[in-house]
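Visitor:
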Amino acid sequence: MKKIQQALQPFTVHVILLSYTVIALFPVLLVIMNSFKSKRGIFKDPLALPTAKTFSLVGYQKVLEESAVVTFFANSMIVTVCALALILLFGAMAAWALSEYRFRGARLLYFLMGFGIMVPIRLGTVSILNTMVALDLTNTLTALVLVYVAQGLPLAVFILAEFMNQIPKDLKEAARCDSVSEFKIFFQIILPLIRPAIATVAVFSMIPIWNDLWFPLILSPGESTQTITLGVQQFIGQYTTNWNAVLSSLSLAVLPVVGLYLIFSKQLIRGITSGAVK
Amino acid sequence: MIMILKRFPWHIPIFLAPAFCIYGLFSAIPLIDTLRLSFFVEDAHGVRSFSGLQNYGFLFRDPIMAQEFWNALWVNCRFFMINMLVQNPVALILAALMATAKIKGVVIYRTAIFLPTLLSVVIVGFIWKLILSPVWGVGETMMSWVGLEAWFGPWLGQQETALVTVSLISVWQYIGLPMILIYAALIGIPDELLDAAYVDGSRPLRTFFQIQLPLIYPTLGLVTILTFVGNFNAFDLMYTVYSGAGGGPEKSVDLLGTLFYRTFFGFASQIGSTTMGATVASLMFVIILAGVAAYFFFIQRRLLRFQY
Numbered sequence: 001m002k003k004i005q006q007a008l009q010p011f012t013v014h015v016i017l018l019s020y021t022v023i024a025l026f027p028v029l030l031v032i033m034n035s036f037k038s039k040r041g042i043f044k045d046p047l048a049l050p051t052a053k054t055f056s057l058v059g060y061q062k063v064l065e066e067s068a069v070v071t072f073f074a075n076s077m078i079v080t081v082c083a084l085a086l087i088l089l090f091g092a093m094a095a096w097a098l099s100e101y102r103f104r105g106a107r108l109l110y111f112l113m114g115f116g117i118m119v120p121i122r123l124g125t126v127s128i129l130n131t132m133v134a135l136d137l138t139n140t141l142t143a144l145v146l147v148y149v150a151q152g153l154p155l156a157v158f159i160l161a162e163f164m165n166q167i168p169k170d171l172k173e174a175a176r177c178d179s180v181s182e183f184k185i186f187f188q189i190i191l192p193l194i195r196p197a198i199a200t201v202a203v204f205s206m207i208p209i210w211n212d213l214w215f216p217l218i219l220s221p222g223e224s225t226q227t228i229t230l231g232v233q234q235f236i237g238q239y240t241t242n243w244n245a246v247l248s249s250l251s252l253a254v255l256p257v258v259g260l261y262l263i264f265s266k267q268l269i270r271g272i273t274s275g276a277v278k
Numbered sequence: 001m002i003m004i005l006k007r008f009p010w011h012i013p014i015f016l017a018p019a020f021c022i023y024g025l026f027s028a029i030p031l032i033d034t035l036r037l038s039f040f041v042e043d044a045h046g047v048r049s050f051s052g053l054q055n056y057g058f059l060f061r062d063p064i065m066a067q068e069f070w071n072a073l074w075v076n077c078r079f080f081m082i083n084m085l086v087q088n089p090v091a092l093i094l095a096a097l098m099a100t101a102k103i104k105g106v107v108i109y110r111t112a113i114f115l116p117t118l119l120s121v122v123i124v125g126f127i128w129k130l131i132l133s134p135v136w137g138v139g140e141t142m143m144s145w146v147g148l149e150a151w152f153g154p155w156l157g158q159q160e161t162a163l164v165t166v167s168l169i170s171v172w173q174y175i176g177l178p179m180i181l182i183y184a185a186l187i188g189i190p191d192e193l194l195d196a197a198y199v200d201g202s203r204p205l206r207t208f209f210q211i212q213l214p215l216i217y218p219t220l221g222l223v224t225i226l227t228f229v230g231n232f233n234a235f236d237l238m239y240t241v242y243s244g245a246g247g248g249p250e251k252s253v254d255l256l257g258t259l260f261y262r263t264f265f266g267f268a269s270q271i272g273s274t275t276m277g278a279t280v281a282s283l284m285f286v287i288i289l290a291g292v293a294a295y296f297f298f299i300q301r302r303l304l305r306f307q308y
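Heads up: the protein sequence lines correspond to chains Z and Y, in order.
Residues 1 to 278 in full-length UniProt numbering are what the first sequence spells out, letter by letter.
Residues 1 to 308 in full-length UniProt numbering are what the second sequence spells out, letter by letter.
1. Any C-beta of chain Y within less than 8 Å: which residues of the stretch 183-208 of chain Z qualify?
2. Grab me the residues of I216/Y's own chain with a C-beta within less than 7 Å of its C-beta, minus the 5 sequence neighbours each way, in chain order.
3. Tell me the rounded alpha-carbon separation between C77/Y and S167/Y.
4. Along the chain, which unbroken stretches of the alpha helix (DSSP H) at least 4 residues long are found entirely within the stretch 108-143 of chain Y?
5. For a contact defined as C-beta to C-beta under 7 Å, what are the partners of N233/Y on chain Z?
6. Are the Cβ atoms of F79/Y and T240/Y separated by less than 8 Å?
7. Just checking my contact of G277/Y with F264/Y at CB under 8 Å: how many whole Å lie between their CB atoms?
8. Using a Cβ-Cβ distance under 8 Å, would Y109/Y count as near chain Z?
9. Quick check on the DSSP output: the beta strand (DSSP E) that includes S49/Y runs from which residue to which?
10. According to DSSP, simplified to helix, strand and coil, what is I271/Y?
11. Taking DSSP as the reference, what is the three-state secondary structure of F40/Y?
12. Contact defined as beta carbons within less than 8 Å: I believe G124/Z pairs with T34/Y. What is the distance between those atoms, to the nearest angstrom?
13. By the criterion of Cβ-Cβ separation under 7 Å, what are the contact partners of V149/Z in chain Y?
14. Check whether chain Y comes within 8 Å of V277/Z, counting only Cβ atoms and requiring the distance to be less than that.
15. Closest Cβ-Cβ distance between F50/Y and chain Z: below 8 Å?
16. Could you compute how far the alpha carbon of M179/Y sits from the alpha carbon of Q87/Y?
17. So L98/Z and L86/Z are in contact, right, with Cβ under 8 Å, and what is the actual spacing, rounded?
18. Between which two residues does the alpha helix (DSSP H) carrying W74/Y extend?
19. Relative to chain Y, which residues along the stretch 69-90 of chain Z have a C-beta separation below 7 Å, given in chain order?
20. Going by other Cβ atoms of all chains shown within 10 Å of its Cβ, with 16 needed for buried, is W145/Y buried or exposed?
21. Return no unless some Cβ of chain Y is closer than 8 Å to the Cβ of Q238/Z.
22. Could you name the residues of the same chain whose beta carbon sits closer than 6 Å to that of L155/Z, not counting the 5 residues immediately before and after it, in chain order?
23. In angstroms, rounded to a whole number, what distance separates the CA positions of K278/Z and R301/Y?
24. Answer with yes or no whether the minimum CB distance from T141/Y to chain Z is below 8 Å.
25. Have a look at I189/Z and F264/Z and give me their C-alpha separation to the nearest angstrom.
26. Enumerate in chain order the residues of its own chain whose CB-to-CB distance from A276/Z is below 7 Å, with the five nearest sequence positions on each side excluded.
27. Applying the 10 Å Cβ sphere with the 16-neighbour rule, what's the burial state of E192/Y?
28. Give me the Cα-Cα distance between L303/Y and L222/Y, rounded to the nearest whole angstrom.
29. Have a look at T240/Z and V164/Y and give me their C-alpha separation to the nearest angstrom.
30. In whole angstroms, what separates the C-alpha of A72/Y from that of R104/Z?
31. Using the C-alpha atoms, what's the distance from S76/Z back to K62/Z?
32. Helix, strand or coil, according to DSSP, for G147/Y in the structure here?
33. Between the C-alpha atoms of G52/Y and V41/Y, what's the straight-line distance to the nearest angstrom?
34. From I113/Y, W70/Y, I22/Y and G137/Y, pick the residue whose C-alpha is nearest to that of Y174/Y; which is it?
35. Is it the case that the Cβ atoms of T225/Z and T140/Z are separated by a distance below 8 Å?
36. Using the beta-carbon of each residue, which ones in chain Y are nearer than 8 Å to V157/Z?
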């Protein structure tokens, strides 16, 4: 027993954590590193850093020549940002109504939303596709936004409601005594107060939307409405022999998510630790 | 006479309407409609007629279909087992080390380990396909550093090893989520509790197993159920790694998700069917619901939640 405890000295802990960090980062770094190499360099010694001799940007040239990549990227951005904005706004409104007001049926509505957290929206795909065909929305970004909003709302409502419950009563009562309207209370007092929770919800909702392959594949596989995830999948399929292009497109696809995560990460941890996710 | 008119609280429906309309139209109703569609058959002109349990009968009696379904279910169960046995224990260890050992640089470790979770499955699938590819030889070279090159094989392509390999890739990608949830739960335990244990002479390991671990059981339960739902709904990784919903070598990595896609849209020579797709989706719904219900009835009720 004592031996194990001695073994858990900071040094050992660092070694263990560092080893796992290497496992987590190595594949990504390997790809990024090789995307800057010539074809010869990639195959001759895949584990070497690019040197003056093997350095090459030919892969990136190839990818950026494909003008479609820019479209795919823009599509993903539009879908993610629109869906996120609607999830946060509608989710916060519903969470406020459910957590603040007592009315008949509130429990039922809560249960209905809770159901959506547990049961994946994918199982309704058959019927969603029928609906989108009926509404003439196939191959549009609108279809994706609608589905992602429906997918993201349940978790958003739950996390935000939990947060809103912690807001002190006095604040709201004071506003009501001054006969401030319910809408003003929500938009001007409550929304600014739950900013950390909103960041948490934003990150949790953003990842599955940006990375989803299923719905783009089914609802909008057309050339002009492909998202970057689907686009990269097909682009790589076309160029499996052109390793430069494959590695560069993979590297480019990694960047935006990492950027967005770094923006939100501080808020994310604060949101989780202060009880947003329980 | 003073009359106090209680006005109808219009603001409540206005707050609720947008969320519930979109959720209802594009999530709840489609789900119910999918269950309904599983009781219909479609003829060549797309005309539907009620057929009772005919689809289910076909699924369980047709030799090919039944074999595919049971295979997918069994593969999915093993996929879930591997995730539970590897992903969550490793996540717990990493989170415990970060939360309990007083060390610097936790933010860096946390961010790095969470990074793969952010990546698209498409990227993850291809990265690992490249690394494990015998053509490129990265995996083989690295194993030769520790003298294990003889053990290297085309793991993703072999029927016996494909599922374990894909499961481990999935673990690699998603370990960040359970890790961060467990980590948050661990640092949420008030210091007084741990100080009291320390003063009473409890050593770190004992404190961990007898105080911290029991306190985070609810979080471990949440992680289990999230893993379950996520695994029984998985599709993307298989689709990327095996370039389509074919199910891998000899269908050895055919999950319910890929089977669903195949029956709905067809694959290679197989023709897709809306109503059979709905039938498979309905069965997945029953399985997931059964799992979630079992969790809430048998496990969650026995867990105590602590308010600090």
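Quick reminder that beta carbons are idealized off the backbone N, C-alpha and C, glycines included.
Guide: According to the structure shown:
1. Answer in chain order: F183, F186 and I207.
2. The residue given as residue 216/Y occupies position 216 in the second sequence. I182, A185 and L186.
3. Position 77 of the second sequence, counted from the start, is the residue given in the question as residue 77/Y. Position 167 of the second sequence, counted from the start, is the residue given in the question as residue 167/Y. CA-to-CA, the gap between C77/Y and S167/Y works out to about 11 Å.
4. Within the stretch 108-143 of chain Y, the runs of alpha helix (DSSP H) that reach at least 4 residues and sit entirely inside it are, in chain order, 121-132.
5. For this step, residue 233/Y is matched to residue 233 along the second sequence. Those within 7 Å of N233/Y in chain Z are P120 and R122.
6. Within the second sequence, the letter at position 79 stands for residue 79/Y. Within the second sequence, the letter at position 240 stands for residue 240/Y. No, the pair does not count as a contact, with Cβ atoms beyond the cut-off.
7. Counting from 1 along the second sequence, the entry for residue 277/Y is found at position 277. Counting from 1 along the second sequence, the entry for residue 264/Y is found at position 264. Contact flag correct, Cβ pair sits at about 3 Å.
8. The residue you call residue 109/Y lines up with position 109 of the second sequence. Closer than 8 Å to some Cβ of chain Z, the Cβ of Y109/Y qualifies, so yes.
9. Sequence index remark: in the second sequence, residue 49/Y carries index 49 (1-based). R48 to F50 is the span of the beta strand (DSSP E), which, as asked, contains S49/Y.
10. In the second sequence, the residue the question calls residue 271/Y occupies position 271. DSSP places I271/Y in strand when its eight states are reduced to three.
11. Translated into positions along the second sequence, residue 40/Y becomes position 40. F40/Y sits in a strand when the DSSP states are folded into three classes.
12. Along the first sequence, one-based indexing puts residue 124/Z at 124. Along the second sequence, one-based indexing puts residue 34/Y at 34. Yes, they are in contact, since the Cβ atoms of G124/Z and T34/Y sit about 5 Å apart, within 8 Å.
13. Counted from its first residue, the first sequence places residue 149/Z at position 149. In chain order: I22.
14. In the first sequence, the residue the question calls residue 277/Z occupies position 277. Model confidence at V277/Z stands at a pLDDT of 49, short of 50, so the residue's coordinates are unreliable and nothing is read from them.
15. Indexing the second sequence from 1 puts residue 50/Y at position 50. Judged by the 8 Å Cβ criterion, F50/Y is not in contact with chain Z.
16. Taking the second sequence and counting its residues from 1, one reaches residue 179/Y at position 179. Taking the second sequence and counting its residues from 1, one reaches residue 87/Y at position 87. Roughly 9 Å between the two C-alpha positions.
17. Here residue 98/Z corresponds to residue number 98 of the first sequence, with the count starting at 1. Here residue 86/Z corresponds to residue number 86 of the first sequence, with the count starting at 1. About 18 Å; that fails the 8 Å criterion.
18. Counted from its first residue, the second sequence places residue 74/Y at position 74. P63 to I82 is the span of the alpha helix (DSSP H), which, as asked, contains W74/Y.
19. Of all residues in the stretch 69-90 of chain Z, F90 have a Cβ within less than 7 Å of some Cβ in chain Y.
20. Position 145 of the second sequence, counting from 1, holds the residue named residue 145/Y. Exposed: under 16 other Cβ atoms inside 10 Å.
21. The residue you call residue 238/Z lines up with position 238 of the first sequence. Answer no: the Cβ-Cβ gap between Q238/Z and chain Y never drops below 8 Å.
22. Along the first sequence, one-based indexing puts residue 155/Z at 155. So the list reads I117, once near-sequence residues are dropped.
23. Along the first sequence, read from residue 1 onward, the residue named residue 278/Z stands at position 278. Along the second sequence, read from residue 1 onward, the residue named residue 301/Y stands at position 301. Here the model assigns K278/Z a pLDDT of 43, short of 50, so the residue's position is not dependable, and the following value carries that caveat. Approximately 16 Å, taken between the alpha carbons.
24. Taking the first residue of the second sequence as position 1, residue 141/Y is located at position 141. At least one chain Z Cβ lies under 8 Å of T141/Y.
25. Counted from its first residue, the first sequence places residue 189/Z at position 189. Counted from its first residue, the first sequence places residue 264/Z at position 264. One C-alpha to the other measures close to 22 Å.
26. Residue numbering aside, residue 276/Z sits at position 276 when the first sequence is read from its first letter. At A276/Z the pLDDT is 45, less than 50, meaning the model places this residue with poor confidence; the figure from the coordinates comes in the next sentence. If we look at A276/Z and ignore the five residues flanking it on each side, its Cβ neighbours are I159, E162, F163, A197 and T200.
27. Numbered from its first residue, the second sequence carries residue 192/Y at position 192. Per the 10 Å Cβ criterion, exposed.
28. The sequence position of residue 303/Y within the second sequence is 303, counting from 1. The sequence position of residue 222/Y within the second sequence is 222, counting from 1. Put simply, the backbone Cα of L303/Y is about 11 Å away from that of L222/Y.
29. Position 240 of the first sequence, counted from the first residue, corresponds to residue 240/Z. Position 164 of the second sequence, counted from the first residue, corresponds to residue 164/Y. Those two C-alpha atoms are separated by around 25 Å.
30. By one-based count along the second sequence, residue 72/Y stands at place 72. By one-based count along the first sequence, residue 104/Z stands at place 104. For A72/Y and R104/Z, the distance between alpha carbons rounds to 43 Å.
31. As a first step, residue 62/Z must be located in the first sequence, where it is residue number 62. As a first step, residue 76/Z must be located in the first sequence, where it is residue number 76. Those two C-alpha atoms are separated by around 21 Å.
32. Within the second sequence, the letter at position 147 stands for residue 147/Y. Note: G147/Y maps to coil in three-state DSSP.
33. Within the second sequence, numbered from 1, the residue matching residue 52/Y stands at position 52. Within the second sequence, numbered from 1, the residue matching residue 41/Y stands at position 41. The C-alpha of V41/Y is placed about 9 Å away from the C-alpha of G52/Y.
34. As a first step, residue 174/Y is located in the second sequence; it is residue number 174 there, counting from the start. In this structure, I113/Y is the residue among I113/Y, W70/Y, I22/Y and G137/Y with its C-alpha nearest to the C-alpha of Y174/Y.
35. Counted from its first residue, the first sequence places residue 225/Z at position 225. Counted from its first residue, the first sequence places residue 140/Z at position 140. Result yes, Cβ atoms of T225/Z and T140/Z sit closer than 8 Å.
36. As a first step, residue 157/Z must be located in the first sequence, where it is residue number 157. Close partners of V157/Z in chain Y (Cβ separation under 8 Å): A19.
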